[in-house]
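Oh and the sequence shown: position 64 is 64 in full-length UniProt numbering, straight run, nothing missing.
Heads up, the beta-carbon is just placed ideally off N, CA and C, and yes, glycines get one too.
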Amino acid sequence: MAFDDDSSPFCVIINDEEQYSLWPISLALPPGWRGCSFSGSKAECLAFIDHVWMDMRSLSLRRSANLSAPAR
Numbered sequence: 001m002a003f004d005d006d007s008s009p010f011c012v013i014i015n016d017e018e019q020y021s022l023w024p025i026s027l028a029l030p031p032g033w034r035g036c037s038f039s040g041s042k043a044e045c046l047a048f049i050d051h052v053w054m055d056m057r058s059l060s061l062r063r064s065a066n067l068s069a070p071a072r
């Protein structure tokens, strides 16, 4: 399987909730996900995700938290 082969090229993908994952370039993207602007080895993609994905909460949860935050 492509996920088990660390030497296979991967790309970073993102969904509508702004959650990141890596995906083998050789496979079709799963429904609900779109390609991102980074590809490389599995380790490089994981490092990229670690660098850019600062808030692990989904977009809808972040929006909900912002709406319920008290005004200052």
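- Taking C-beta separations shorter than 8 Å and ignoring five residues to either side along the sequence, the partners of S8 in its chain run A2, P24, I25, S26 and K42, following chain order.
- Rounded to the nearest whole angstrom, the CA to CA distance from V12 to Q19 is 10 Å.
- The secondary-structure analysis by DSSP pairs C45 with nothing; it has no beta-bridge partner.
- Within the DSSP secondary-structure output, C36 pairs in no beta bridge.
- With contacts defined by Cβ atoms closer than 8 Å, F10 and G40 form a contacting pair.
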